Every structure is written in C-alpha cells, then in structure tokens.
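Have a look at the structure below, then the notes.
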Amino acid sequence: MGHGLLNGKNGIIFGALDNKSIAWKVAERCVEEGANIVLTNAPVAMRLGEINELAAKLKCDIIPADATSIEDLENLILGSMEKFGGKIDFILHSIGMSVNVRKKKDYTDLNYEWMKTTFDVSAISFHKVMQTAMKHDAMNEWGSILALTYIAAQRTFPDYSEMAESKALLESFARSFGYHWAKKSKVRVNTISQSPTVTTAGSGVKGFSDFFGYADKMSPLGNASADACADYCVTMFSDLTRMVTMQNLFHDGGFSSMGMAPEILEE
Ligand SMILES: NC(=O)c1ccc[n+]([C@@H]2O[C@H](COP(=O)([O-])OP(=O)(O)OC[C@H]3O[C@@H](n4cnc5c(N)ncnc54)[C@H](O)[C@@H]3O)[C@@H](O)[C@H]2O)c1
Numbered sequence: 000m001g002h003g004l005l006n007g008k009n010g011i012i013f014g015a016l017d018n019k020s021i022a023w024k025v026a027e028r029c030v031e032e033g034a035n036i037v038l039t040n041a042p043v044a045m046r047l048g049e050i051n052e053l054a055a056k057l058k059c060d061i062i063p064a065d066a067t068s069i070e071d072l073e074n075l076i077l078g079s080m081e082k083f084g085g086k087i088d089f090i091l092h093s094i095g096m097s098v099n100v101r102k103k104k105d106y107t108d109l110n111y112e113w114m115k116t117t118f119d120v121s122a123i124s125f126h127k128v129m130q131t132a133m134k135h136d137a138m139n140e141w142g143s144i145l146a147l148t149y150i151a152a153q154r155t156f157p158d159y160s161e162m163a164e165s166k167a168l169l170e171s172f173a174r175s176f177g178y179h180w181a182k183k184s185k186v187r188v189n190t191i192s193q194s195p196t197v198t199t200a201g202s203g204v205k206g207f208s209d210f211f212g213y214a215d216k217m218s219p220l221g222n223a224s225a226d227a228c229a230d231y232c233v234t235m236f237s238d239l240t241r242m243v244t245m246q247n248l249f250h251d252g253g254f255s256s257m258g259m260a261p262e263i264l265e266e
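Start counting the sequence shown at 0; every next residue gets the next number (numbering that gives the first Met the number 0).
This is how it looks when you write it as structure tokens:
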C-alpha cells in the first residue's frame, strides 16, 4: 500500500532488466507512492529483458539509453522532461557490468581494455548522467540522485574482482558531484550499499550462492531483499531525507558492522 510519499514527483529509473532486478522493484514502489517515472535501459536490454512488460504494467514510458553514451543520455534527459512537462525530481542509477568477470579473467590477469569498459559502464556512467542533467538544468530543487553499490568498495571480496574498484569510483563520484549539486540546486546525491541479491548481475559473481548464504548468516537481520531496497530508495527520493547527501548508506541487515558471527562457527 502506498503512502503518497512521491506524489507529483518525476523520476528516471535505470537498470530494470527483469523482475529480479533491484530497479524493477524500485520502479514498482515509486509508482505505488505516486511518482511519474520514465524507465531506461541499454538498447540490448530492450531485446533481452522484460522491461516492456514493466512499462505496460506501470503505464509509463521507456526511453532506451546506453548509459555510456552522452548522446543517448541527452536524448533521455530532454525526452523525459518533455514527457513530464517539467524537471526531474529523482534518478536511480542501477547499472553494473564487468567484462573481466563475464569472461572469467582472474583478478591478477585482468585485460585493461575490458577494465576501461567496466569502469565506463559501472561508474563513469553515473558521472555522465549527472553531468548531462546539470548541463540541461534538468533537476528540481531538493531532488535526489541515487546509485546502487556494494561493500567490496571498502573491504576485499576476492571474487568481486574489478567491480570493487568500479564501486569505489562510483561512491567517490557521489561525494564529489554531491557537493556541486547541493550548491547548485540543493539536490542530494547518495549511494546505497546493498546486500547480495539474487539478480542477473549479482549471480554473475563466482560462488554467488554460497556467498549469499554466508552474508545472510553474517548479517544479524539477514540479507536485505530487493523489495526492502526499493523501500529504502523511496525514502531517499521522498522529502523525508532532504538533508542526507554525499553519503554511502549501508542497507545490509547489519553486515558492515559485524566482526564475527557465531552462527557461522556453529556449522
Ligand atoms: N545483486 C547484487 O547482489 C547487488 C548487490 C549490491 C549492489 N548491486 C548493484 O545493483 C545494481 C543493479 O543490479 P541488479 O543486481 O539489479 O542486476 P541487473 O542485472 O538486474 O541490473 C543491471 C542492469 O545494468 C544494465 N546495464 C548494463 N550495461 C548498461 C549500459 N551500458 N547502459 C545502461 N544500462 C546498462 C543492465 O541492462 C541491467 O538492467 C548494480 O549497480 C549492482 O552492482 C547489486
């Protein structure tokens, strides 16, 4: 049941591929809370994924955009403002992809051209989205911009490979650009560091299912689900969190504060 937390707000949601995607759940919750949204994803995801189903269900538009292409992003930002008949209140960046992980390259034998693509898709795209939105003065005052990240930015998770550095870069962009957005128009920029979640991107990491169980035991509240993440995103887009900016916010059932969990030793 919605509470009208996003009544009258306009938002762009990147990254809904299928009904397991975190962005899919966020899109559903935002509409439930009264928002008007535009969905976007890479052109290839239009063919492979199920985003058309989501758009039909939520009665919203899709504007395809490769998040690494400035031309696509300009088309997306300008097209969204045209559809909304006004500026944008919130943006969710829910994009991640590692070429070296996909091609099963070991961390000590990475291909650097692939690494550049990984950083471009997973992190630099966040800067590109914000730069394009700023250039077109596309955000309303007190708007909110979020990206999804993972704790491998701060701690070592060997199988996460070059995605760790991608997330560190992503989180740094939130802090650095957050300053400029706050000064320009009181827009806040944050990252949400989410528990392991069973999705296409998540399951691509080696040993994911064993690790999912480990993290669940390590977290006193258990792993946070995609639905719970969607609830958190809604609060971050709402007017209830206006003074929170330039933060990396852990949404992980307590995982990030744990040292050891007796539950794991009991096995
Ligand atoms: N699943 C997890 O365990 C987990 C944990 C923490 C953070 N995250 C983060 O959550 C975000 C969403 O991932 P997810 O788990 O929902 O998986 P997902 O596979 O459903 O979503 C990833 C999305 O990125 C999109 N994408 C890839 N390349 C793109 C490009 N060039 N332009 C535009 N979009 C592109 C894909 O089409 C897809 O929709 C990612 O940033 C991911 O790193 C996931």
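From the three backbone atoms N, C-alpha and C, an ideal C-beta is built for every residue, glycine too. As the structure is a prediction and not an experimental result, all values here were calculated from the model.
Here L5 is near A34, since their CB atoms are less than 8 Å apart. Per DSSP, reduced to three states, the secondary structure at V186 is coil, with no helix or strand assignment. Linking M245 to S175 through their CA atoms gives a straight-line distance of about 8 Å. For M245, there is no enclosing beta strand (DSSP E), as DSSP marks it with neither H nor E. In the DSSP assignment, T234 falls within the unbroken alpha helix (DSSP H) covering 225 to 236. Looking at E140, G142, V120, the one whose alpha-carbon comes closest to that of L168 is V120. Within the stretch 43 to 101, the complete alpha helix (DSSP H) segments of 4 residues or longer fall at 50 to 57, 69 to 83, 98 to 101, listed in chain order. D65 has its CB nearer than 7 Å to a heavy atom of ligand 1.
A direct Cα-Cα distance of roughly 21 Å separates M114 from A173. Within the model, the alpha-carbon separation for D251 versus F211 is close to 12 Å.
Beyond the five residues adjoining it in sequence on each side, I90 comes within less than 6 Å, by CB distance, of I11, I144 in the same chain, given in chain order.
Take E170, set aside five residues on each side of it, and the residues of its chain with a beta-carbon closer than 7 Å to its own are T148, A152, T190, N247, in chain order.
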